[in-house]
Amino acid sequence: MEVVCKLYGPPREAVGEKRVRYDVETGATVEDVLETAIETHPALEESLYADDGTLRESIGVLTNRTNISQREGLATPVEEGDELLITPPIHGG
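In my numbering, the protein residues as written are 88 to 180.
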């Protein structure tokens with residue numbers, strides 16, 4: 088199934104594109120999508136994960152406009168056509 092990732096900040100710089108489509112298996116999670124993205128764009132790993140293997144606090148991941156921290160974290164399931172937004176936190180003022 089196809090999932091779209093929209094990238095901003097360092098993740099976008101690592102990939103070189105703002106919008107990328109990844110093909111993942113049915114039943115995939117956000118973590119599976121990120122692993123697929125890193126396999127395709129290895130430079131992305133450094134901008135997403137800290138040295139201890141956890142998602143960097145400076146990166147937000149949203150599925151269909153909902154932060155994964157409000158769902159099941161990296162175990163959040165994704166479905167065909169879902170959109171992941173990968174971005175540094177956005178601060179308003």
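Where is the CB? At the ideal position from N, CA and C, for every residue including glycine.
Asked, Found
"Leaving out five residues on either side along the sequence, give the residues of the same chain with a beta carbon under 6 Å from the beta carbon of L172.", "K93, L149"
"Which value, in whole angstroms, describes the spacing of the CA atoms of H125 and A162?", "A small correction: the amino acid at residue 125 is Ile; His does not occupy that position in the sequence shown. Their Cα atoms are separated by approximately 17 Å."
"Could you give the DSSP three-state label for R106: helix, strand or coil?", "strand"
"Over what stretch of residues does the beta strand (DSSP E) that includes I173 continue unbroken?", "170–174"
"Tell me the start and end of each unbroken beta strand (DSSP E) in the stretch 142–168 that is at least 3 residues and wholly inside, in chain order.", "147–150"
"Taking all protein chains shown into account, do 16 or more other C-beta atoms lie within 10 angstroms of the C-beta of P129, making it buried, or fewer, making it exposed?", "exposed"
"By the 10 Å Cβ neighbour count, where 16 or more other Cβ atoms means buried, how is P176 classified, buried or exposed?", "exposed"
"Starting from the Cα of E170, find the closest Cα among G103, P98, Y109 and give me that residue.", "Y109"
"What do you get for S134, buried or exposed, if any count of 16 or more other CB atoms within 10 angstroms of its CB means buried?", "buried"
"I believe V111 touches V120 by the beta-carbon criterion, under 8 Å. Please report the beta-carbon distance rounded to the nearest angstrom.", "6 Å"
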